[in-house]
Amino acid sequence: MSEPITLAALETDPDPILAALRRDQPVAFVDALDMWLVTRWDDVETMENDPSTYSAATEPSFLARALGDNMLTTDPPDLERIQGLFRPTFRPSGRSGGFVSDELVALADSLIDEVDPAGFDVMTELAQPLAAASLATVLGLDHHGFDRMWAWCEGLCADIANFENDPALTEMGRVAREELGEAIATRIDTARDADDGSGIGAFVRAGASPTEIVNNVRLMISGGINEPRDGIGLVVWTLLERPDLRSIVRDEPAKMQRLIEEVFRVFSPVGTVTRQTTSDVELGGVAIPAGALVAGVLRSANLDETRWTDPLEIDLERREGPHAAFALGAHRCLGEWLGRQVVRVGVERLLARFPDLRLDPGADVTLHGFEFRGPTSVRVIAA
Ligand code: HEM
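Read in order, the letters of the sequence shown correspond to residues 0 to 382 in numbering that gives the first Met the number 0.
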């Protein structure tokens with residue numbers, strides 16, 4: 000690589016940098032990040048299949064600092080016990096299933112009722128509140144309102160990404176952590192007295208301790224709102240830019256799920272999985288020392304030319320196996336079923352209500368971010 004890689008360049012447009020790394024230096028130490036980037040599918044898969052060498056219990060851990068120890072800072076075998084306490088709620092047979100079949104459509108419709116057809120931003124007026132309210136409802140925190148959920152999510156995420164220890168971001172994180180801790184503790188008390196049907200109630204009955212519930216619900220809120228939000232924005236944008244894809248899903252609604260998978264593959268809203276080596280190791284022919292931080296770049300694995308034919312093309316007939324947008328290994332996404340449904344229903348209800356929906360020609364859509372990447376706004380006109 001001729002130019003040194005910077006975080007700013009990765010956040011603006013990571014794909015040319017990642018393509019060059021895949022070609023020339025697929026396991027590369029990047030000074031600006033102080034970590035290794037692993038960019039080929041096979042090497043990311045090797046990392047994901049070997050949690051005893053590539054540990055999630057990193058030191059330092061910004062995630063543990065911002066949220067407290069949680070499943071994403073824990074390695075097997077403890078990991079399986081913790082996941083077992085929380086997974087049932089996010090299966091179709093758990094609270095998520097009831098929410099999706101009985102409440103999600105009405106929730107999406109109520110938000111769409113409020114937009115101004117003359118012009119609105121899909122991100123702030125539909126995607127963000129729908130993602131926040133969906134998770135809040137499943138957990139049993141919906142009475143706090145989706146604005147409050149979103150503020151907690153932003154506060155926690157600001158602290159997680161506070162690599163330079165900015166005191167303002169630390170304070171945002173502290174406020175979110177404490178307020179959320181109190182809200183969760185109150186719900187735990189209610190659920191102890193009577194089965195309230197909430198996700199948090201299910202965690203109590205599964206035997207999770209209060210600390211395990213508080214820390215892991217913080218993790219869910221920091222990770223389970225931004226991604227469905229970005230997913231909705233990316234799918235709407237893709238459909239409005241590509242009339243050919245829009246007419247396919249209009250004629251064959253079952254293809255919507257394939258479209259969503261392809262959008263997740265091409266855009267990978269969660270860019271990396273970051274781990275720490277527990278011993279000296281060789282990956283892709285490169286020696287990595289013990290104690291190194293290593294980021295498996297999901298976004299790059301999802302665009303690896305050796306795995307995908309014409310990787311940047313959204314191909315609804317693609318049959319090349321699963322993508323890595325929800326990760327591949329021990330920490331594969333807990334909320335992936337729920338997240339996919341929130342994206343599907345949000346997009347379907349929006350297009351059903353406004354068949355003439357189009358992008359606002361006066362407002363470009365720009366994507367931003369490396370670790371988390373999505374559109375900053377998607378302005379549309381429906382009238
Ligand atoms: C729909 C878009 C979503 C995407 C693309 C996504 C992506 C991911 C990825 C890539 C990971 C692995 C992170 C790592 O290994 O470092 C992950 C883990 C996780 N996700 Fe999601 N996620 C989504 C939605 C959700 C939702 C709705 C929830 C709600 C609960 C959620 C909760 C979690 C949790 C708790 C983990 C940690 C799992 C573990 O450590 O075992 N995600 N997600």
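In this text, a Cβ means the ideal position worked out from N, Cα and C, and glycines have one as well.
Close-in-space but distant-in-sequence residues of the same chain around residue i (CB under 6 Å, 5 per side omitted)
{"i": "residue 38", "result": "17, 20, 21, 25, 296 and 299"}
{"i": "residue 220", "result": "151 and 152"}
{"i": "residue 148", "result": "131 and 135"}
{"i": "residue 385", "result": "Nothing in the structure corresponds to residue 385, since the chain is present only between 0 and 382."}
{"i": "residue 27", "result": "20 and 36"}
Rounded C-alpha distance that separates residue i from residue j
{"i": "residue 240", "j": "residue 120", "result": "16 Å"}
{"i": "residue 52", "j": "residue 368", "result": "28 Å"}
{"i": "residue 188", "j": "residue 250", "result": "49 Å"}
{"i": "residue 286", "j": "residue 185", "result": "49 Å"}
{"i": "residue 146", "j": "residue 128", "result": "7 Å"}
{"i": "residue 215", "j": "residue 332", "result": "13 Å"}
{"i": "residue 122", "j": "residue 372", "result": "13 Å"}
{"i": "residue 172", "j": "residue 164", "result": "11 Å"}
{"i": "residue 310", "j": "residue 31", "result": "28 Å"}
{"i": "residue 116", "j": "residue 362", "result": "16 Å"}
{"i": "residue 377", "j": "residue 278", "result": "45 Å"}
{"i": "residue 264", "j": "residue 222", "result": "18 Å"}
{"i": "residue 80", "j": "residue 357", "result": "47 Å"}
{"i": "residue 177", "j": "residue 315", "result": "44 Å"}
{"i": "residue 303", "j": "residue 7", "result": "23 Å"}
{"i": "residue 155", "j": "residue 82", "result": "21 Å"}
{"i": "residue 101", "j": "residue 248", "result": "24 Å"}
{"i": "residue 379", "j": "residue 313", "result": "22 Å"}
{"i": "residue 170", "j": "residue 143", "result": "21 Å"}
Beta-carbon separation (whole angstroms), residue i vs residue j, contact threshold 8 Å
{"i": "residue 232", "j": "residue 160", "result": "The Cβ separation is near 19 Å, so there is no contact."}
{"i": "residue 268", "j": "residue 342", "result": "Actually they are not in contact, since the Cβ atoms of residue 268 and residue 342 sit about 10 Å apart, beyond 8 Å."}
{"i": "residue 353", "j": "residue 324", "result": "Going by Cβ atoms, the distance from residue 353 to residue 324 rounds to 27 Å, so no, they are not a contact pair."}
{"i": "residue 103", "j": "residue 133", "result": "7 Å"}
{"i": "residue 213", "j": "residue 180", "result": "5 Å"}
{"i": "residue 199", "j": "residue 193", "result": "So it is not a contact: roughly 13 Å between Cβ atoms."}
{"i": "residue 292", "j": "residue 33", "result": "7 Å"}
{"i": "residue 244", "j": "residue 182", "result": "No, residue 244 and residue 182 are not in contact; Cβ-Cβ is about 40 Å, not under 8 Å."}
{"i": "residue 201", "j": "residue 87", "result": "7 Å"}
Chain D within 9 Å of residue i, Cβ atoms only
{"i": "residue 265", "result": "Annotation note: the requested chain D is absent from the structure, which comprises a single protein chain."}
Residues near residue i by beta carbon distance below 8 Å, same chain, minus five either side
{"i": "residue 218", "result": "62, 66, 69, 70 and 71"}
{"i": "residue 336", "result": "89, 90, 91 and 95"}
{"i": "residue 305", "result": "39, 40 and 41"}
{"i": "residue 3", "result": "30 and 31"}
{"i": "residue 281", "result": "287"}
Own chain residues within Cβ distance below 7 Å of residue i, not counting five before or after
{"i": "residue 58", "result": "275"}
{"i": "residue 329", "result": "50, 75 and 78"}
{"i": "residue 317", "result": "261"}
beta-carbon residue i near ligand 2 non-hydrogen atom, thresh 8 Å
{"i": "residue 219", "result": "This structure simply doesn't include ligand 2; it includes ligand 1 instead."}
Exercise. Quick one: any contact between the region 355-368 and the region 83-99, if contact means 3 or more CB pairs under 8 Å?
Worked result: As far as the Cβ criterion goes, the region 355-368 does not touch the region 83-99, which means the pair count is below three.
For this session: Please confirm if the region 252-261 is in contact with the region 337-351, defined as three or more CB-CB distances below 8 Å between the two stretches.
Result: Counting Cβ pairs under 8 Å, three or more are found: they touch.
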